[in-house]
Amino acid sequence: MKCDEMIVRYLLLDNGEKLSARMRLHLLFCKGCQREIASIEASFAKVKALEPPIDERDISDAVLMIVRNSLPLYTKKVSMEKWILAELIIIASIMLIHFSTAKAWLDERLGGYFHLLLNAAMGVIVTVYNAVLAMTHLDEFNRVRKRIMEYFR
Ligand SMILES: [Zn+2]
602 MKCDEMIVRY LLLDNGEKLS ARMRLHLLFC KGCQREIASI EASFAKVKAL EPPIDERDIS
662 DAVLMIVRNS LPLYTKKVSM EKWILAELII IASIMLIHFS TAKAWLDERL GGYFHLLLNA
722 AMGVIVTVYN AVLAMTHLDE FNRVRKRIME YFR
């Protein structure tokens, strides 16, 4: 190991990380690197002495930032297949409701407007459902869109 490499590796060590066996071996025989590292350590010690003690600093923002960043993200995700299956069930229900006896009974009592209101409500339900599906799966839709664009290129 050359001296330049030794110093670079030393500087890349994380706080408290120990020297590798090769580095210790080099350091054992190289007076230049011993001096260089002693100088670096002395500089770090001077910088550390200049820092105010930790209890005098206002660290609330830093602590809040760490806490905020460590909170788990909401990652539960429903797969596209389940969304589409649920939508097919909704659409099948909309179609099958016209054959139900309850609907026939309501048609008889409430007249033609019930039929219109029922269809409008089902349309709103499917539209809202699709909007939520699109908003929660934008990445997947974008991937499909890109694939389609590449196919027609
Ligand atoms: Zn050296």
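Okay, so the sequence shown: first residue is 602 according to the numbering used here, each after it adds one.
We put the CB at the ideal spot given by N, CA and C, even for glycine.
- Boundaries of the alpha helix (DSSP H) around LEU613: 604-613.
- SER621 carries a coil assignment under DSSP once its states are collapsed to helix, strand and coil.
- Of the other Cβ atoms in all chains shown, fewer than 16 fall within 10 Å of the Cβ of MET736; this residue is therefore exposed.
- Taken from the Cβ of MET624, every heavy atom of ligand 1 lies 7 Å or farther away.
- CYS634 is classed as buried because its beta carbon has at least 16 other beta carbons within 10 Å across all chains shown.
- When Cβ pairs closer than 8 Å are counted between the two stretches, the segment 631-646 is seen to touch the segment 603-622, the count reaching three or more.
- Of VAL729, THR728 and LYS704, the smallest CA-CA separation from LEU717 is found for LYS704.
- Counted as a single uninterrupted DSSP element, the alpha helix (DSSP H) harbouring GLY713 occupies residues 713-737.
- Taking a cut-off of 8 Å for Cβ pairs, the segment 693-707 and the segment 643-651 do not touch, as fewer than three such pairs fall below it.
- Look at SER701 here: in three-state DSSP terms it is coil, with no helix or strand label.
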